[in-house]
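Right, one structure below, let's go through it.
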Amino acid sequence: MNLESIIQSVVAQSVKSLYNVDITEDQIQIQKTKKEFEGDLTVVVFPFVKIARKSPEATGQEIGEFILRNNQVVSAYNVIKGFLNLSINKAYWIDLLNTIHANSSFGTQTPTENADIMMVEYSSPNTNKPLHLGHIRNNLLGFSIARIQEANGWKVIKTNIVNDRGIHICKSMLAWKLFGNGETPESSGMKGDLLVGKYYVAFDKAYKAEIKKLMEKGMSEEEAKKNAPLILEAQKMLLAWENNDPEVRKLWQTMNGWVYAGFDETYKQMGVNFDKIYYESDTYLVGKAEVERGEKEKVFYRRDDNSVWADLTNDGLDEKLLLRSDGTSVYMTQDIGTAKLRYADYNIKKMVYVVGNEQNYHFQVLSILLDRLGFEWGKSLVHFSYGMVELPEGKMKSREGTVVDADDLMAEMIETARETSEELGKLDNCTEEEKSDVARIVGLGALKYFILKVDPRKNMTFNPKESIDFNGNTGPFIQYTYARIKSVLRKATESSIDFSTKIDSALPISEKESYLIQLISGFPTVVKEAGDEFSPALIANYEYELVKEYNQFYHDFPILKEEYADMKKFRLALSGTVANVIRTGMGLLGIDVPERM
RNA sequence: GGUCCUGUAGUUCAAUGGAUAGAACAAAAGUUUCCUAAACUUUAGAUCCGGGUUCGAUUCCCGGCGGGACUACCA
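If you're matching positions, the first sequence starts at 0 in the working numbering and goes up one per residue.
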């Protein structure tokens with residue numbers, strides 16, 4: 000039974016005994032006592048004032064008195080306004096630390112063999128351009144939320160749907176054919192995804208030039224866009240692709256191969272991975288078949304021009320196109336097919352899509368469509384909708400070259416970490432390999448934490464001119480604290496100090512120390528909330544608070560230099576436990592921690 | 001036009017309806033004979049506006065104003 004439940008229970012008893020009224024435990028609000036007041040936990044008295052028919056102060060006094068007499072855990076109380084502040088026995092905190100310290104997997108569960116399956120889709124790139132900062136947010140959130148759900152006992156399957164076909168892919172292919180002169184990643188030394196992206200941009204440039212020319216000849220913009228030779232050629236290519244034209248298919252495979260090699264590098268650097276990858280080229284036909292089945296079953300309808308639609312007006316939405324008049328599929332068609340394949344492959348209990356909030360409407364529709372097609376899981380799909388990453392000037396646009404490239408950004412962060420390391424000179428005794436390792440861990444830690452500490456639902460701003468900080472509320476701040484603790488623990492081990500044994504609960508520990516234990520003990524609750532709310536930010540903020548407190552402790556209290564042996568042991572155990580929570584928590588964010596930095 | 005999201009220090013972010021709205025960066029000033037100063041300590045600075053519900057509102061409701069997304073036979 001955790002502390003909060005103990006208090007809730009005794010408060011309920013006190014109200015029953017004092018005023019003869021039964022209250023449920025969820026009526027009892029308990030919060031951590033604010034720093035400026037004395038105590039550890041605070042009970043909000045206001046809800047009981049009516050029951051007691053006394054002032055908030057008097058009510059608080061009565062309840063406080065009752066708790067003090069009827070509970071061993073509470074050692075003192077005070078009432079300020081309507082707030083009853085309770086002080087908890089030092090012995091309770093020390094016993095709690097003993098328990099936590101002995102539990103190496105504190106705060107997380109390990110999914111059992113037959114745990115429920117949650118599938119998490121994230122990343123979902125197009126194979127016509129390299130990944131940028133927006134994708135980084137998606138990947139980091141997806142990977143982290145998978146870790147967090149695992150820690151909450153789910154068996155998680157990480158998945159990726161690659162949008163590997165369509166008109167946009169054909170645009171890159173066509174431009175390469177026309178302007179590429181046989182350029183390859185090998186011949187140019189360019190990363191594959193970058194090379195393909197270059198031709199996507201080249202297409203757009205040439206296409207715009209054609210439109211301009213046609214408009215000069217008197218054509219309207221709309222007409223020009225439809226009739227430019229390049230777009231017609233790209234459409235022809237898409238059709239040839241759908242008809243399995245060997246030459247087009249071969250080029251498609253080659254160029255996608257370049258892109259995948261590039262993506263693999265980026266994913267590896269980012270530290271994310273997948274258990275199962277789906278490709279749109281495999282799923283869109285399945286989706287088409289499902290839509291046609293839906294049409295036969297009168298769930299959807301066909302218009303005179305042969306296009307297929309879903310009428311969603313009963314759900315307060317519009318009508319939605321599912322198949323074009325030429326029979327080709329759209330984004331939605333493909334998502335229906337992918338869903339069908341996934342549920343055939345796995346016994347999925349919960350499906351989570353990590354996709355930007357610009358597609359809220361899409362997923363609202365998808366949920367309804369899947370439901371209408373008779374998939375019972377349709378209604379319960381989760382769209383983990385996150386906000387956009389914006390530049391100070393506004394949204395990033397691939398075609399306008401205002402994107403922050405994922406590879407570049409990661410490389411910059413790592414470089415900055417390396418420079419800082421050099422300046423501080425703390426790794427002078429390390430090998431080059433160790434230095435690189437630390438630079439990578441710290442650089443990526445800064446980037447990942449920067450992104451994950453923000454509430455995922457909110458849009459966030461990234462200013463490329465002001466580089467991401469390494470001081471303050473940052474990943475390196477937390478990593479540094481970990482490294483510092485590890486250094487102390489190493490020294491303890493070197494001097495053969497054993498701090499694994501039980502600590503005497505009579506030890507006179509300070510407020511700071513008991514508060515640290517209280518913070519540590521809250522970790523499992525944070526992990527659970529992060530899972531329920533789909534919010535890695537909760538973990539990040541928790542880690543920061545813990546580390547900030549620990550640093551103050553570290554500054555004010557001697558550990559190895561403490562003379563009293565039992566106290567030294569206690570502080571080592573406390574530090575070790577903090578280190579464990581840091582490592583576990585950062586792990587849930589997909590951030591590594593260095594042994595030294 | 002409709003639907004949804006959003007508005008907190010100069011900037012980037014916090015705050016299950018609870019106490020004097022927390023941090024960080026930037027600014028100003030300090031702390032190394034002592035376990036890693038990527039740390040610690042001070043100082044100054046904010047809830048878009050107007051109503052309502054409540055003992056209590058940054059939070060919930062209504063109305064403005066500002067920002068964004070979606071509303072494609074694009075993905």
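The beta carbon of each residue, even a glycine, is placed where N, CA and C say it ideally should be.
Listed in chain order, the alpha helix (DSSP H) elements of length 4 or more contained wholly in the stretch 321-401 are 330-344 and 359-371. Put simply, the stretch 269-284 touches the stretch 337-345. At least three CB pairs are less than 8 Å apart. Per DSSP, the continuous alpha helix (DSSP H) segment holding W240 begins and ends at P228 to E241. Looking at the DSSP output, K275 sits in a beta bridge with T158. DSSP places V258 in no beta strand (DSSP E) but in the uninterrupted alpha helix (DSSP H) bounded by P245 to M269.
If you draw a straight line from the Cα of Q71 to the Cα of Y385, it comes to about 46 Å. The beta carbons of H100 and T576 sit closer together than 7 Å. The beta carbons of D325 and E318 sit about 19 Å from each other, so the pair does not count as a contact at 8 Å. Ranked by Cα distance from D454, the options V381, L537, R417 and E418 are led by L537. Taking the C-beta atoms as reference points, K225 is found no nearer than 7 Å to I210.
Between V402 and M409, the gap from beta carbon to beta carbon reaches 7 Å or more. The beta carbon of V290 sits closer than 7 Å to the beta carbons of F299, V307, L321, L322, T332 and I335 from its chain, once the five residues preceding and following it are set aside; these are given in chain order. Between the stretch 504-522 and the stretch 80-96, the count of C-beta pairs closer than 8 Å reaches three or more; the two stretches touch.
A contact between stretches requires three or more CB pairs, one per stretch, nearer than 8 Å, and the stretch 349-356 meets this requirement with the stretch 376-393. Short of 8 Å from the beta carbon of S534, and not among the five residues preceding or following it, lie these beta carbons of its own chain, in chain order: D454, P455 and E528. Following the DSSP letters along the chain, one finds A309 inside the beta strand (DSSP E) bounded by residues V307 to D310. V487 is not a Cβ neighbour of M596, given a cutoff of 7 Å. Counting other Cβ atoms within 10 Å of its Cβ, R302 stays below 16 and is therefore classed as exposed. Note that the stretch 110-117 does not touch the stretch 56-71; fewer than 3 beta-carbon pairs, one per stretch, sit closer than 8 Å. V78 is the residue among V78, S574 and P124 whose C-alpha sits nearest the C-alpha of E56. The beta-carbon distance between M254 and W175, rounded to whole angstroms, is 7 Å. This is short enough to meet the 8 Å contact definition.
For A201, the closest alpha carbon among the candidates D304, I230 and G217 is that of I230. Taking a cut-off of 8 Å on C-beta distances, the stretch 537-550 does not touch the stretch 22-37, as fewer than three cross pairs fall below it. Bounds of any alpha helix (DSSP H) do not take in K452, whose DSSP letter is neither H nor E. For K31, the enclosing beta strand (DSSP E) stretches over residues I29 to K31. Burial is judged here by how many other beta carbons sit within 10 angstroms of a residue's own beta carbon; L423 has fewer than 16 and is exposed. The count of Cβ pairs closer than 8 Å, one atom from the stretch 153-172 and one from the stretch 212-221, stays below three, leaving the stretches out of contact.
In this structure, I590 sits near K447, with a CB-CB distance shorter than 7 Å. Rounded to the nearest whole angstrom, the C-alpha separation of T500 and V43 is 38 Å.
In the DSSP assignment, Y18 falls within the unbroken alpha helix (DSSP H) covering L2 to Y18. Listed in chain order, the non-local C-beta contacts of I367 below 7 Å within the same chain comprise L311 and D314, local neighbours out to five positions each way being set aside. Under the Cβ criterion (8 Å, minimum of three pairs), the stretch 132-142 does not count as touching the stretch 185-201. Its Cα nearest to that of D281, the residue G165 stands out among D263, V364, V388 and G165. A direct Cα-to-Cα measurement between Y549 and A564 gives close to 21 Å. Contact between N138 and G530 is absent: CB atoms are separated by about 19 Å, not below the 8 Å threshold. At the C-beta level, F65 and V271 stay beyond 7 Å of one another.
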